[in-house]
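So the number in the working numbering is just where the residue sits in the sequence shown, counting from 1, plus 429.
Since the structure comes first, as structure tokens, the remarks are kept for the end.
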Amino acid sequence: MRIYSGIQPTGCLTIGNYIGAVKNWLELQKENECLFAIANQHAMTVKQVPQELRERTYSFFAQFLACGLDPEKSILYVQSNVPQHSELCWILSCLTYIGELERMTQFKDKSHKNEDNINAGLLTYPVLMAADILLFATDLVPVGKDQKQHLELARDIAIRFNNRYGETFVVPEPYIAKQGAKITSLQNPLEKMSKSDKDQNATVSIIDPPDLIMKKFKRAVTDSDNRIVFSEDKPGISNLLSIYSAFSGESIESAERRFEGKGYGDFKITVGEAVADALRPVQEKYAIYMADKAELDRIMKEGAEKASHIAFRTLRKVKKKIGFVAD
Ligand code: TYM
430 MRIYSGIQPT GCLTIGNYIG AVKNWLELQK ENECLFAIAN QHAMTVKQVP
480 QELRERTYSF FAQFLACGLD PEKSILYVQS NVPQHSELCW ILSCLTYIGE
530 LERMTQFKDK SHKNEDNINA GLLTYPVLMA ADILLFATDL VPVGKDQKQH
580 LELARDIAIR FNNRYGETFV VPEPYIAKQG AKITSLQNPL EKMSKSDKDQ
630 NATVSIIDPP DLIMKKFKRA VTDSDNRIVF SEDKPGISNL LSIYSAFSGE
680 SIESAERRFE GKGYGDFKIT VGEAVADALR PVQEKYAIYM ADKAELDRIM
730 KEGAEKASHI AFRTLRKVKK KIGFVAD
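In structure tokens form, the structure reads like this:
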């Protein structure tokens, strides 16, 4: 199967991104043909400082590699290095209705948060995402729950194009894991853990040093009773159990039994340790990759060439179908 997914280089790569996306990518990479992108064109929909965007692109790419995404097995690349994304985006935008885009909850959310910068890109963002996916004849898109609506739109656009111009695009399926598809903020367990949260204690980054990770988990918001069980009325504890399970490999049920009778304080320390321990080797590899920018450039370039090769063929087919003259 062909697998495609991406991450925007904004804020810091969190354990939410890791559990909801990257961890599943690592599994899928073993048996499938995968492409994973740093979606830096998507990041432009909110204001960016150019030098910081460039640095963060390297940093996220190095984190992909450090987590175990393997350029020998998967195509790893930076979106802006493959010009076909924007080309297909334009074509697909002429098949997408403004009403569909205005209904997207992420558009409503982000417009609310950036009232001084409700740019056209913020609205057409899901069309670019559809272009990303459809360029590569993708069967499966592993994402967290928050991307489900965008994926449904990508499917609708693919079906609409195929109906109008004849079978062209593969209609992609979402892949949203049952567990960990929405890791929540450590400070407000009712909200998604977000890369760009201004409250440093709300998120844990893949590259936070171990002592900072411990501090953040010790401060995590829980509730007033003292039972460690996974349940809807205990969002803070349930979130910590999901995080613990993702990093330790132990099932939630088994963790509930093991922590029975223990206090929240001890539990939070154990969760913090599980995360810090699992991330230690990732952080060591990250430092090695970041010290060798030339090697990162080489891997980025190789990935972009491979991605471009596939994208070029899809776009050539699309252009023919819609009546563009051959170039
Ligand atoms: P982004 O950059 O916001 O997030 C990257 C991935 O992480 C998942 N995720 C989470 N999963 C669980 N809990 C959380 N708290 C959490 N926060 C984020 C997201 O669902 C996503 O899978 N538009 C996309 C990037 C993108 C893309 C694509 C994805 C661009 N093109 C094509 C798939 C296919 C985005 O903003 O993800």
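Even glycine gets a Cβ: it sits at the ideal position worked out from N, Cα and C.
As the structure is a computational prediction, the values presented were derived from the model and not from experiment.
So V600 and A587 are in contact, right, with Cβ under 8 angstroms, and what is the actual spacing, rounded?
With 8 angstroms as the limit, V600 and A587 qualify as a contact, their Cβ atoms being about 5 angstroms apart.
Can you tell me which of F493, R483 and I432 puts its alpha carbon nearest to the alpha carbon of I717?
Of the listed residues, the one whose Cα sits closest to I717 is F493.
Check whether the Cβ of I378 lies closer than 6 angstroms to any heavy atom of the ligand TYM, and answer yes or no.
With the chain covering 430 to 756 only, the question about residue 378 has no answer from this structure.
Among E544, V511, P555 and E602, which one has its Cα closest to the Cα of R532?
The residue with the shortest Cα to Cα distance from R532 is P555.
Shorter than 6 angstroms, the distance from the beta carbon of D575 to the closest heavy atom of the ligand TYM, or not?
Yes, the beta carbon of D575 sits closer than 6 angstroms to at least one heavy atom of the ligand TYM.
From which residue to which residue does the beta strand (DSSP E) around F465 run?
Counting along the chain, the beta strand (DSSP E) containing F465 begins and ends at E462 to I467.
Within its chain, find whatever has a CB closer than 7 angstroms to the CB of P603; leave out the 5 residues flanking it on each side and keep chain order.
Taken in chain order, the residues that qualify are V570, V572, K577 and L580.
For G440 versus S625, is the C-beta distance shorter than 7 angstroms?
Their beta carbons are under 7 angstroms apart, which means G440 touches S625 by this criterion.
Taking 7 angstroms as the cut-off, decide whether the C-beta atoms of T474 and G550 are in contact.
Yes, the pair counts as a contact, with Cβ atoms nearer than the cut-off.
Quick one: measure Cβ to Cβ for F811 and V704, integer angstroms, because I've assumed they're closer than 8 angstroms.
Beyond the ends of the chain as shown, which are 430 and 756, falls residue 811; an answer cannot be given.
Once the 5 residues before and after Y594 are set aside, which same chain residues still bring their CB inside 7 angstroms of it?
These residues qualify, in order along the chain: K750 and I751.
Pop quiz: V507 and F490 are said to be a contact at Cβ under 8 angstroms. What is the actual Cβ separation, rounded to whole angstroms?
Rounded, the Cβ-Cβ distance is 7 angstroms, consistent with contact.
With a 10 Å radius around its C-beta and 16 neighbouring C-beta atoms as the bar for buried, classify G732 as buried or exposed.
It is buried - the Cβ of G732 has at least 16 other Cβ atoms within 10 Å.
Taking the straight line between their C-alpha atoms, what separation do you get for L689 and M729?
Residue identity differs from the one stated: residue 689 is Glu in this sequence, not Leu. If you take the alpha carbons of E689 and M729, they lie about 47 angstroms apart.
Whether or not the stretch 453-470 and the stretch 671-686 are in contact is what I'm after, with contact meaning three or more pairs of Cβ atoms, one per stretch, closer than 8 angstroms; do they touch?
No contact exists between the stretch 671-686 and the stretch 453-470.
How would you write the range of the beta strand (DSSP E) that P571 sits in, first residue to last?
Residues L569 to P571.
Under the criterion of a Cβ to heavy atom distance below 6 angstroms, does K611 qualify as lining the ligand TYM?
Within the cutoff, so yes.
Looking only at its own chain, which residues have a Cβ that is under 6 angstroms from the Cβ of F696, when we skip the five neighbours before and after it?
Within the same chain, F696 has close Cβ partners I657 and F688.
Output the residue ranges of the alpha helix (DSSP H) runs that lie fully inside the stretch 564-601 and measure 4 residues or longer, sorted by chain position.
Segments of the alpha helix (DSSP H) lying fully in the stretch 564-601: 577-594.
Shorter than 6 angstroms, the distance from the beta carbon of L561 to the closest heavy atom of the ligand TYM, or not?
The question names Leu, but residue 561 in the sequence shown is Asp. Flag set: Cβ of D561 near the ligand TYM.
Is L442 closer than 7 angstroms to I635 when the C-beta atoms are compared?
Against a cut-off of 7 angstroms, the Cβ pair of L442 and I635 comes out as a contact.
So V633 and Y673 are supposed to be a Cβ contact under 8 angstroms. How far apart are they, rounded?
Rounded, the Cβ-Cβ distance is 12 angstroms, inconsistent with contact.
Inspect the beta-carbon positions of Q616 and N630 and report whether they are closer than 7 angstroms.
Cβ distance < 7 angstroms, so Q616 and N630 count as in contact.
Candidates V711, K748 and I605: which alpha carbon is nearest I432's?
That would be I605, whose Cα lies nearest to the Cα of I432.
Any heavy atom of the ligand SAM closer than 6 angstroms to the Cβ of M430?
In terms of ligand content, the structure shown lacks the ligand SAM and carries the ligand TYM instead.
Quick one: Cα of E713 to Cα of L725, how far?
Distance between the alpha carbons of E713 and L725 is about 16 angstroms.
Can you grab the Cα-Cα spacing for the pair D568 / M430, in whole Å?
Approximately 6 angstroms, taken between the alpha carbons.
Taking DSSP as the reference, what is the three-state secondary structure of I717?
The answer is helix: DSSP assigns I717 an H, G or I state.
Quick check: the Cα distance between K748 and L505, rounded to an integer number of angstroms?
Using only the alpha carbons, I get a separation of about 26 angstroms.
How many Å lie between D545 and K539 at the Cα?
Straight-line Cα distance between these residues: approximately 11 angstroms.
Excluding the 5 residues flanking M643 on each side, which residues of the same chain have their C-beta closer than 6 angstroms to its C-beta?
Cβ within range, chain order: G701.
Just checking my contact of L464 with A472 at CB under 8 angstroms: how many whole Å lie between their CB atoms?
That pair is no contact at about 18 angstroms.
With burial defined as no fewer than 16 other Cβ atoms inside 10 Å of the residue's Cβ, what is the status of S488: buried or exposed?
S488 should be labelled buried.
Under the DSSP definition of a beta bridge, which residues are partnered with K621?
Beta-bridge pairing links K621 to T613.
Per DSSP, which one or two residues make a beta bridge with S634?
In DSSP, S634 forms a bridge with T443.
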